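Heads up: the sequence shown begins at 31 in my numbering, then just goes up one per residue.
Think of the CB as a built atom: it goes at the ideal place given N, C-alpha and C, for glycine as much as any other residue.
Since the model is a prediction, treat every value here as computed from it, not as a measurement.
To start, the structure itself, in structure tokens.
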Amino acid sequence: MANSNSSDSEDSHARQGTSIEEQEPKFQLGLLENGLDFVLSAAEHADAGTPRDLKYAALHLVDGIELLIKARLEKEHWTLLFADTDRASQTKLRQGDFRSVDLPMAIERLKNIVGIQIGTEREERLNEIRNLRNRLRHYKADLGIEQVRALLAVCLDFCYSFFRDDGNSLPGNISNEATWAKILNHLRTNKEFVEARLENIRGGLIGSRTWECSECWQHAVVIDADDTNCKFCGVVPNPITLAIHNAADIDWKTSDENGGLPWCEECEEGLIVHLPGQSGEERIYMCSFCGEYGERLLYCLRCDEPTGFAKNGEEERFCHSCIEFIRTQ
């Protein structure tokens, strides 16, 4: 009977045009997906913070870094994954029967062939955590917990920057973005990571008026007509969500729509928020989409809704809707 059932099952699959093997669940992870999974594991362990967790955070983070860099090398050309490119073959690649580049060699190819420079200090930190990984695996490690946490933070920041910026369009998809969201969920409460990340992006925030990001909670969103994003986590914010998240107080005359925030008459895309000023400057009113701002709002002479930002002594005026209404009367 067992043989008969097996035969019937095989016949059924044959009639449906699929083999039994094709019905089996697949276990398939590419370099990028596998690398992100290791980085996620490292972030989870770093978040827990026990000596055992920090050990696995270091082990998994180095594996994740190597795989992320290899994913970028593969995007350039698959032969760059081989330690000896003269012996590269697609058959060996498919079978996994080859010696692949190690981290130092991968970094050199990233710089010299792909043209991505990661910086001397970052490279030193990557070598440090690689050496730590090797001691943990093959000998022993004698480091303070805070020292390890600080090293993990800098290297996690490298992963974040590499995927978002330096990776030069690593293939992204919904699954990869979902993994990054999980990674960020752990990292945004990691004090050492936050400090390392803020230090890394500090130069890009100087002189800019920043908004607090609703995803990572850092004051790192810079509004730019061509490239509005959070310099900390890379998220491109929705202007309405950004405005409501940053509305600490509402003191203007308007309806309760959009959280009580008025639309910007300059662009008609964003909402106006009363933000803290810079270095002792008075609070300002600023649009969450176009970035226009002023020290106070102007109100429509007819309907009393905001019409724009007071600049150079401008006084109250009619809003677009009221101008159109008056024109048609």
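Query, Result
"With a CB to CB cut of under 6 Å and the five nearest residues on each side skipped, what residues in its chain are close to G324?", "Y315, F339, A340 and K341"
"If I measure Cβ to Cβ from I356 and keep anything under 8 Å in the same chain, skipping five residues before and after, which residues do I get?", "R332 and F348"
"Identify every residue that forms a DSSP beta bridge with F339.", "L327"
"For A101 and L61, which I take to be in contact (beta-carbon distance under 8 Å), what is that distance rounded to the nearest angstrom?", "4 Å"
"For E322 versus Y329, is the C-beta spacing smaller than 8 Å?", "no"
"Give the straight-line distance between the Cα atoms of R227 and N157, rounded to the nearest whole angstrom.", "19 Å"
"Contact defined as beta carbons within less than 8 Å: I believe S261 pairs with I231. What is the distance between those atoms, to the nearest angstrom?", "Reading the sequence as shown, one finds Lys at residue 261 and not Ser. Indeed they touch by this definition, with Cβ atoms about 5 Å apart."
"Counting Cβ pairs closer than 8 Å, one from the segment 71–87 and one from the segment 132–140, do we hit at least three?", "no"
"If we ignore side chains and look at the alpha-carbon of each, how far apart do E104 and I143 end up?", "12 Å"
"Is the distance from the Cβ of C317 to the Cβ of E296 below 8 Å?", "yes"
"Would you report the Cα separation of C246 and D187, rounded to the nearest angstrom?", "14 Å"
"Return the bridge partner residues of R347 from the DSSP annotation.", "C330"
"Quick check on the DSSP output: the beta strand (DSSP E) that includes H304 runs from which residue to which?", "I302 to L305"
"Since T240 is in the alpha helix (DSSP H), which residue starts that stretch and which ends it?", "T240 -> not in any alpha helix (DSSP H); beta strand (DSSP E) instead, spanning T240 to E242."
"Only counting the same chain, and skipping five residues up and downstream in sequence, which positions put a Cβ closer than 6 Å to that of I253?", "G321"
"In its own chain, which residues sit with a C-beta less than 8 Å from the C-beta of S36, not counting the 5 before and 5 after it?", "Only weak support exists for where S36 lies, its pLDDT of 47 falling under 50; the coordinates are left without a value."
"Can you name the start and end residues of the alpha helix (DSSP H) that Y86 belongs to?", "P81 to E106"
"With respect to the beta strand (DSSP E) encompassing A73, which residues constitute its N-terminal and C-terminal limits?", "Segment L61 to A78 is the alpha helix (DSSP H) holding A73; no beta strand (DSSP E) there."
"Please classify Y190: is it buried, with 16 or more other beta-carbons within 10 angstroms of its beta-carbon, or exposed?", "buried"
"Based on Cα-Cα distance, which residue from R139, R82 and A78 lies nearest to E106?", "R139"
"Going by DSSP, name the residue or residues bridged to F259.", "Inspection of the sequence shows that residue 259 is occupied by Asn rather than by Phe. In the DSSP output, where bridge partners are listed per residue, N259 has V252."
"For H350, count the other beta carbons within 10 Å of its own beta carbon; 16 or more makes it buried, fewer makes it exposed. Which is it?", "exposed"
"From G234 to C243, what distance separates their C-alpha atoms?", "15 Å"
"Taking the beta carbon of K56 as the centre, do at least 16 other beta carbons fall within 10 Å, making it buried, or is it exposed?", "Any reading at K56 must be qualified, since the residue scores a pLDDT of 48, below 50, and its modelled position is unreliable; no value is offered."
"Using DSSP with H/G/I as helix, E/B as strand and the rest coil, what is F193?", "helix"
"Between the C-alpha atoms of L272 and L166, what's the straight-line distance to the nearest angstrom?", "44 Å"
"Whose CA, out of L97, E354 and V224, lies closest to the CA of F193?", "L97"
"Near R155, which residues of its chain fall below 8 Å by C-beta distance, leaving aside the five closest residues on each side in sequence?", "L181, V184, C185 and F188"
"Spatial neighbours of H216 within its chain, please: CB distance less than 7 Å, with the 5 preceding and 5 following residues excluded, ordered by chain position.", "A73, E74 and D77"
"From S130 to R124, what distance separates their C-alpha atoms?", "13 Å"
"So, helix, strand or coil for F319, using DSSP?", "coil"
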